[in-house]
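Asker:
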Amino acid sequence: MTSTLLEEDSGDAGAQEEFEAAFEAAVAADERIEPRDWMPDAYRATLVRQMAQHAHSEIIGMQPEANWITRAPSLRRKAILMAKVQDEAGHGLYLYSAAETLGTGRDELLDKLHSGRQKYSSIFNYPTLTWADVGAIGWLVDGAAITNQVPLCRCSYGPYARAMVRICKEESFHQRQGYELLLALSRGTEAQHAMAQDAVDRWWWPSLMMFGPPDEESAHSSRSMAWKIKRHSNDELRQRFVDICVPQAEALGLTLPDPELRWNEERGHWDFGPIDWSEFHAVLKGNGPCNEQRISQRRRAHEEGAWVREAAAAYAAKHSGDGRGDSGDGGGDAEGARKEAVA
Ligand code: BYC
């Protein structure tokens, strides 16, 4: 949105109405809302909620796959997996930065994650039991993420939309690597094929739950869609994902674990069986197979990383204001420590 009119809130009721009208007009015209623009408090709160949950999911999402880095079956697979897990960390950082543009600091968001006041995606509370799970996560979990996130590149809030463009490019690579990994297993020995099938059997239904509750139970969808934060409903995106996956599963030589999957000529879509929403709600309440493990590992990583944050802050403070970068007065040590820690 370009109008400077919207940049400040005078507190005057007439001006307030004008701001609201300009905001609504900008959303209706598919313009982007930018950080300095006026926006309703509820729009800001909705964005912070969704972006924080999204950022937390990226960070927690590193754990199930990182579980397999030391046991990857070849150097090539290991290098790919390490790159992917690092990408997820990067996605989290873009999203925390985008949330900061709304006036909410990363510390506050992380605190809410660690204390259970903010959610992360249900999918990351399931265990990665075999190497094939890395493939199933890439194909199904990243596939679901792309289906959900490509429309977010057109989100009405500029910084979120721009972060999503880059994230989606990287997610496409992640999805391809998962598909390729599963294809190799599916075409491998009988045991490898069985391992791939078992992973798909376990990840299919939780992947469908990633899209959120059914539309009639989705508390936020209608408002988020009116504001063009979300462009499609949860059920629309879930259906799109099923339609994409069915032919891909066939090409992989694997079966989706749903006896009710049937092409519906009239609808032009695949019908699928009922989702066990009681499982979804149990996972959201903290009772999934890995909820406790995920959050305690996250808290531990945060505590153990305190010295890195302190070193980076000390380095920044030392060099702030003089514009000279490394002063050669010992700052190099702090920088070295920071680089080592990041590596
Ligand atoms: N898990 O009114 P609704 C990824 C919550 S991919 C947990 O429909 P909304 C990655 C929801 O937050 C995963 N909670 O909500 C991939 C709300 O609770 P609160 C992350 C869920 O926001 C590969 C309540 O249920 N992607 O990161 O309109 C590798 C009611 O739901 C879930 C994103 O976050 C769930 N599955 O729609 C590594 C994408 N579903 O807040 C990483 C951006 C719903 O009222 N987010 N809830 O307490 C979105 O598109 C939307 O937030 C959702 C939910 C579609 C997820």
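Residue numbers (my numbering): 1430 to 1772. Backbone N, C-alpha and C define an ideal beta-carbon position, used for all residues, glycine too. In this text the structure is predicted, and so the values were computed from the model without any measurement.
Are valine 1456 and lysine 1657 touching if we call contact CB-CB under 8 Å?
Answerer: yes
Asker: Could you check whether the Cβ of histidine 1483 sits closer than 7 Å to any heavy atom belonging to the ligand BYC?
Answerer: yes
Asker: Between methionine 1511 and the ligand BYC, is there a pair consisting of the residue's CB and a ligand heavy atom that are separated by less than 7 Å?
Answerer: Not one heavy atom of the ligand BYC lies closer than 7 Å to the C-beta of methionine 1511.
Asker: For my contact list, serine 1647 and isoleucine 1552 are in at a C-beta cut-off of 8 Å; report their separation, rounded to the angstrom.
Answerer: 17 Å between Cβ atoms; not a contact.
Asker: State the beta-bridge partners of asparagine 1720 as determined by DSSP.
Answerer: Asparagine 1720 pairs with nothing; no bridge assigned.
Asker: Check whether the Cβ of arginine 1595 lies closer than 7 Å to any heavy atom of the ligand BYC, and answer yes or no.
Answerer: no
Asker: Rounded to whole angstroms, what's the CA-CA distance from alanine 1655 to leucine 1504? Just pull it up for me.
Answerer: Approximately 48 Å, taken between the alpha carbons.
Asker: Please state the DSSP three-state secondary structure of leucine 1435.
Answerer: Caution is warranted here: a pLDDT of 48 is assigned to leucine 1435, below 50, making its placement in the model unreliable, and no coordinate value can be reported.
Asker: Would you say serine 1486 touches the ligand BYC, meaning its beta carbon is less than 7 Å from a heavy atom?
Answerer: yes
Asker: Can you tell me where the alpha helix (DSSP H) with asparagine 1554 in it begins and where it stops?
Answerer: No alpha helix (DSSP H) holds asparagine 1554; DSSP gives it neither H nor E.
Asker: Any heavy atom of the ligand BYC inside 7 Å of the beta-carbon of glycine 1641?
Answerer: Because some heavy atom of the ligand BYC lies under 7 Å away, the Cβ of glycine 1641 counts as near it: yes.
Asker: Give me the Cα-Cα distance between tyrosine 1525 and glycine 1519, rounded to the nearest whole angstrom.
Answerer: Their backbone Cα atoms lie some 10 Å apart in a straight line.
Asker: Between aspartate 1705 and the ligand BYC, is there a pair consisting of the residue's CB and a ligand heavy atom that are separated by less than 7 Å?
Answerer: no
Asker: Let me check you understand the geometry: is the CB of valine 1671 closer than 7 Å to at least one non-hydrogen atom of the ligand BYC?
Answerer: no
Asker: Which residues share a DSSP beta bridge with arginine 1691?
Answerer: According to DSSP, arginine 1691 bridges with Asp1700.
Asker: Any chance the CB of histidine 1649 is under 7 Å from a heavy atom of the ligand BYC?
Answerer: yes
Asker: So, proline 1642 versus asparagine 1663, is the Cβ gap smaller than 8 Å?
Answerer: yes
Asker: With DSSP collapsed to three states, give me the class of isoleucine 1774.
Answerer: Residue numbering for the chain in the displayed model covers 1430 to 1772; residue 1774 lies beyond these limits and cannot be assessed.
Asker: Do you know offhand how far lysine 1507's Cα is from isoleucine 1498's?
Answerer: 6 Å
Asker: Could you tell me whether the stretch 1663 to 1676 touches the stretch 1571 to 1588, where touching means 3 or more Cβ pairs closer than 8 Å?
Answerer: yes
Asker: Anyone know if the C-beta pair for arginine 1723 and asparagine 1554 falls short of 8 Å?
Answerer: yes
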